[in-house]
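**Q** Submitted below is the structure of interest, expressed as structure tokens.
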Amino acid sequence: FEETATEIGDIPFRKLKYKNVRYDPFYSRIHAPVLDEEEQEFLDIYSSGMIGLTPNKVFIKDRIGRIHILEIGDKVAYGTLESINWKEQYATFQLNEIGVIKDMKIYLNELKEE
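So the sequence shown is residues 14 to 127, counted in the working numbering.
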């Protein structure tokens with residue numbers, strides 16, 4: 014094998030020209046939800062807080078003080094209530110605001126994204 018090997022200096026390399034890509038093609042270029050009047054009728058979880066939780070229901074207070082009782086599968090603005098974790102005291106919402114589906118966990122009086 015070593016007798017027939019070619020030295021690195023003897024290998025003709027081609028110089029390849031790369032075009033600079035100014036953006037990440039896998040990153041969404043839409044950064045804000047498209048306003049949809051139908052979606053505005055549903056509960057906005059960004060401006061709401063969870064005030065109670067049972068194994069089957071979530072109690073959420075919106076920005077004007079109304080309390081909404083949600084069950085798994087109920088619609089919220091740009092998504093649905095996906096699951097309830099009773100042991101860790103959070104609810105998971107599946108949201109699709111900009112064309113990319115993401116899960117958001119709301120803990121009692123706390124908001125976290127995943």
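Idealized CB from N, CA, C, for every residue including glycine.
Might you give, ordered along the chain, the residues of its own chain that have their beta carbon closer than 6 Å to the beta carbon of L48, omitting 5 neighbours on each side?
**A** none
**Q** My output table needs one value for G78: the three-state DSSP class, helix, strand or coil.
**A** If DSSP states are grouped into helix, strand and coil, G78 belongs with coil.
**Q** On the three-state DSSP scale, how would you describe I119?
**A** Strand at I119.
**Q** Exposed or buried, what is K125 when buried is set at 16 or more other beta-carbons lying within 10 Å of its beta-carbon?
**A** For K125, the predicted model reports a pLDDT of 47, less than 50, meaning its position is unreliable; a value from the coordinates is still stated below. It counts as exposed.
**Q** Assign A18 to one of two classes, buried (16 or more other C-beta atoms within 10 Å of its C-beta) or exposed (fewer than that).
**A** exposed
**Q** Mind checking whether Y91 and E52 have CB atoms under 9 Å apart?
**A** yes
**Q** Alpha carbon to alpha carbon, what distance is there between F26 and A104?
**A** When the Cα atoms are used, A104 and F26 turn out to be separated by approximately 57 Å.
**Q** Suppose contacts are defined by Cβ-Cβ distances below 9 Å. Is S96 in contact with D75 by that definition?
**A** no
**Q** Considering only residues of the same chain and omitting the five flanking positions on each side of N109, which have a CB-CB separation below 7 Å?
**A** Y91, G92
**Q** Rounded to a whole number of angstroms, what is the C-alpha to C-alpha distance between L66 and Q102?
**A** 7 Å
**Q** Using DSSP bridges, identify the partner residues of N132.
**A** It is not possible to answer for residue 132, since the shown part of the chain is limited to 14 through 127.
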